[in-house]
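Report on one structure; see the data block that follows.
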Amino acid sequence: MNDQDFDVVILGAGFAGITAARELARYGRRVLVLEARDRIGGRAWTTELNGTKVELGCTWIHWFQPYVWAEFQRAGLELHEDPWFPPITIWADGKPQGLDFDRFREILMQAWHAFAGAAESGPVMERPWDLASLDGARELDAKSVQDVIDSLDLEPLEKAAFSAEIATQMNALPEDVSYLSQLRWWSASGWDVGLMIDCLARYKIETGVTSLITHMAQRAGLAIRLNAPVERVDQAGDRVTVTMRDGSTVTAAKVVCALPMNCLKDVEFLPPLANAKLALSQEGHAAKGMKVLFQTEGEAEGHAIVAPPGAPLNLINPIRIDGARRTYVGFGTDGAAFDPCDLAEVNRVLASLQPDLQATACTGHDWSSDEFARGTWHMPRPTQNMRTAEAFAQPEGHVHFAGDYLAKGWVGFMDGAIESGFATAESVETALRG
Ligand SMILES: Cc1cc2nc3c(=O)[nH]c(=O)nc-3n(C[C@H](O)[C@H](O)[C@H](O)COP(=O)(O)OP(=O)(O)OC[C@H]3O[C@@H](n4cnc5c(N)ncnc54)[C@H](O)[C@@H]3O)c2cc1C
Numbered sequence: 005m006n007d008q009d010f011d012v013v014i015l016g017a018g019f020a021g022i023t024a025a026r027e028l029a030r031y032g033r034r035v036l037v038l039e040a041r042d043r044i045g046g047r048a049w050t051t052e053l054n055g056t057k058v059e060l061g062c063t064w065i066h067w068f069q070p071y072v073w074a075e076f077q078r079a080g081l082e083l084h085e086d087p088w089f090p091p092i093t094i095w096a097d098g099k100p101q102g103l104d105f106d107r108f109r110e111i112l113m114q115a116w117h118a119f120a121g122a123a124e125s126g127p128v129m130e131r132p133w134d135l136a137s138l139d140g141a142r143e144l145d146a147k148s149v150q151d152v153i154d155s156l157d158l159e160p161l162e163k164a165a166f167s168a169e170i171a172t173q174m175n176a177l178p179e180d181v182s183y184l185s186q187l188r189w190w191s192a193s194g195w196d197v198g199l200m201i202d203c204l205a206r207y208k209i210e211t212g213v214t215s216l217i218t219h220m221a222q223r224a225g226l227a228i229r230l231n232a233p234v235e236r237v238d239q240a241g242d243r244v245t246v247t248m249r250d251g252s253t254v255t256a257a258k259v260v261c262a263l264p265m266n267c268l269k270d271v272e273f274l275p276p277l278a279n280a281k282l283a284l285s286q287e288g289h290a291a292k293g294m295k296v297l298f299q300t301e302g303e304a305e306g307h308a309i310v311a312p313p314g315a316p317l318n319l320i321n322p323i324r325i326d327g328a329r330r331t332y333v334g335f336g337t338d339g340a341a342f343d344p345c346d347l348a349e350v351n352r353v354l355a356s357l358q359p360d361l362q363a364t365a366c367t368g369h370d371w372s373s374d375e376f377a378r379g380t381w382h383m384p385r386p387t388q389n390m391r392t393a394e395a396f397a398q399p400e401g402h403v404h405f406a407g408d409y410l411a412k413g414w415v416g417f418m419d420g421a422i423e424s425g426f427a428t429a430e431s432v433e434t435a436l437r438g
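Quick note, the sequence shown lines up with residues 5 to 438 if you use the numbering used here.
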């Protein structure tokens with residue numbers, strides 16, 4: 005081996021790639037990580053808005069997410085708890101109305117029980133990580149979330165609250181997402197609305213998610229080449245040659261491809277990727293929504309706004325209170341609906357939802373137009389959960405795959421990306437040992 009030849013080359017420096025690289029380095033393997041961007045982290049990206057740390061991508065963690073929680077504790081980082089919901093304005097039947105959080109949670113709990121079942125009686129999934137143990141998994145995966153909502157007899161307020169909440173957590177329209185995906189989230193968070201909200205959006209890392217992944221990479225002393233977009237992966241004999249956009253190459257015995265599923269189609273694989281894998285990447289997962297961060301100054305009372313699909317944002321909620329300044333996050337199903345960095349546009353959207361809510365600063369990132377992400381968090385379309393599990397069950401020769409889309413548990417989360425990085429590192433190490 006020389007400085008262009010490695011045991012393993014890892015494509016992508018997100019949580020999946022960094023975890024796989026670290027574990028293989030710990031086995032004594034010579035590892036190189038190739039990353040297209042000028043930073044590590046991928047969809048983990050902490051930045052600042054007026055001196056306040058904000059997350060353009062992933063944010064919240066929870067102790068029900070064992071892989072990311074273990075990394076967070078191991079790194080000795082501090083937890084930040086977001087402020088809880090202030091009084092809510094909910095849009096139902098085209099009109100805003102006030103609602104307190106306890107009532108909102110009660111409505112959601114009833115709707116979730118109707119949608120996914122109660123722990124004691126309903127058709128819940130007992131083992132979120134084990135699709136094979138679920139009766140009728142293929143049929144459940146073929147249904148869309150909208151199919152199931154349509155089959156329920158929900159009151160207008162229930163329907164507005166539930167469809168807004170579920171659209172927020174899917175970052176996509178209910179007709180585009182597999183029912184099984186949401187059954188999995190419900191099951192992984194203990195079949196309880198309060199717990200699910202805690203798992204999804206309550207606790208975050210005080211110093212930001214970038215500080216966690218940086219710690220993981222630095223502690224392992226990983227060799228990482230930034231600004232190195234990979235263009236081709238060529239297997240011949242017992243070596244794989246990886247070619248970057250500038251024409252430079254490296255070789256390795258094994259490759260871990262830790263790119264988002266939506267980006268696999270942009271890399272040329274020789275021999276070509278199996279059709280089942282390529283088709284999934286070409287279809288893409290469904291989440292191409294909006295995340296906007298903005299601040300207000302001097303508000304007497306905070307705002308939480310809930311609006312069903314069709315509105316430019318489905319949820320707005322404060323995430324930090326610093327004296328008179330509040331930092332909010334907003335989510336919607338259409339990432340192209342407005343520019344989250346344009347204050348005038350953001351204020352136009354806020355005015356349509358809550359006239360007295362005015363932003364003084366804002367930011368965001370267009371993940372769906374970003375060629376190295378092509379979407380936000382992984383959100384399988386109908387049939388994609390089962391097809392992904394089957395299509396990616398085997399590596400392609402010396403090329404193995406990792407990413408949030410390959411988790412058994414928290415698909416589409418940091419936790420799932422780390423889980424997948426561990427699993428793939430094990431299978432690569434097994435293959436290297438012959
Ligand atoms: C707006 C948003 C909010 C989210 N909120 C949460 C949350 O609160 N909690 C949570 O747990 N998760 C959340 N997620 C999901 C979480 O960010 C992802 O599940 C996780 O970061 C995925 O890690 P990964 O390593 O699989 O992929 P990525 O982080 O996407 O890493 C893949 C890497 O591959 C690189 N790459 C792509 N193409 C190439 C190429 N051709 N050559 C070389 N490198 C390439 C990318 O630049 C990237 O660094 C959120 C995501 C977004 C976008």
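Built from N, CA and C at the ideal position, the CB exists for glycine as well.
Quick caveat: nothing in here was measured; it's all calculated off a predicted structure.
Between residue i and residue j, how many whole angstroms is the CB-CB distance? I'm expecting something under 8 Å.
i: residue 44; j: residue 22; result: 7 Å
i: residue 306; j: residue 160; result: About 26 Å; that fails the 8 Å criterion.
i: residue 180; j: residue 391; result: Going by Cβ atoms, the distance from residue 180 to residue 391 rounds to 15 Å, so no, they are not a contact pair.
i: residue 178; j: residue 313; result: 7 Å
i: residue 93; j: residue 286; result: Contact doesn't hold; Cβ gap of about 40 Å is too wide.
i: residue 310; j: residue 95; result: 7 Å
Can you tell me which residues form a DSSP beta bridge with residue i?
i: residue 404; result: 260
i: residue 95; result: 100
i: residue 63; result: None; residue 63 has no bridge partner.
i: residue 298; result: 332, 366
i: residue 444; result: Given that the chain is displayed from residue 5 to residue 438, the structure contains no residue 444 and the question cannot be resolved.
i: residue 182; result: 148
i: residue 248; result: 234
i: residue 239; result: 244
i: residue 433; result: Answer is none; residue 433 lacks a bridge partner.
i: residue 308; result: 92
i: residue 324; result: 331
i: residue 254; result: 246
i: residue 50; result: 59
i: residue 9; result: 255
i: residue 141; result: Bridge partners of residue 141: none, in fact.
i: residue 37; result: 14, 228
Can you say whether residue i is buried or exposed, counting buried as having 16 or more other CB atoms within 10 angstroms of its CB?
i: residue 99; result: exposed
i: residue 39; result: buried
i: residue 165; result: buried
i: residue 148; result: buried
i: residue 145; result: buried
i: residue 230; result: exposed
i: residue 82; result: exposed
i: residue 20; result: buried
i: residue 88; result: exposed
i: residue 330; result: buried
i: residue 169; result: buried
i: residue 419; result: buried
i: residue 212; result: buried
i: residue 274; result: exposed
i: residue 288; result: buried
i: residue 367; result: buried
How many Å lie between residue i and residue j at the Cα?
i: residue 172; j: residue 337; result: 7 Å
i: residue 428; j: residue 355; result: 47 Å
i: residue 48; j: residue 379; result: 13 Å
i: residue 422; j: residue 382; result: 14 Å
i: residue 297; j: residue 332; result: 6 Å
i: residue 266; j: residue 343; result: 22 Å
i: residue 431; j: residue 424; result: 11 Å
i: residue 308; j: residue 362; result: 13 Å
i: residue 189; j: residue 119; result: 13 Å
i: residue 249; j: residue 153; result: 45 Å
i: residue 218; j: residue 66; result: 19 Å
i: residue 207; j: residue 364; result: 25 Å
i: residue 115; j: residue 415; result: 23 Å
i: residue 204; j: residue 157; result: 26 Å
i: residue 142; j: residue 195; result: 21 Å
i: residue 182; j: residue 103; result: 30 Å
i: residue 51; j: residue 438; result: 44 Å
i: residue 174; j: residue 61; result: 14 Å
i: residue 56; j: residue 303; result: 17 Å
i: residue 409; j: residue 264; result: 8 Å
i: residue 97; j: residue 281; result: 42 Å
i: residue 417; j: residue 214; result: 15 Å
i: residue 276; j: residue 130; result: 38 Å
i: residue 137; j: residue 128; result: 12 Å
**OP:** Flag this pair as touching only if the stretch 222 to 232 and the stretch 22 to 34 have three or more C-beta atom pairs under 8 Å; answer yes or no.
**Re:** yes
Original post:
Counting pairs of Cβ atoms below 8 Å between the stretch 256 to 276 and the stretch 67 to 81, do you hit three or more?
Top reply: no
Original post:
Do the stretch 400 to 407 and the stretch 230 to 245 touch if we need at least three Cβ pairs shorter than 8 Å?
Top reply: yes
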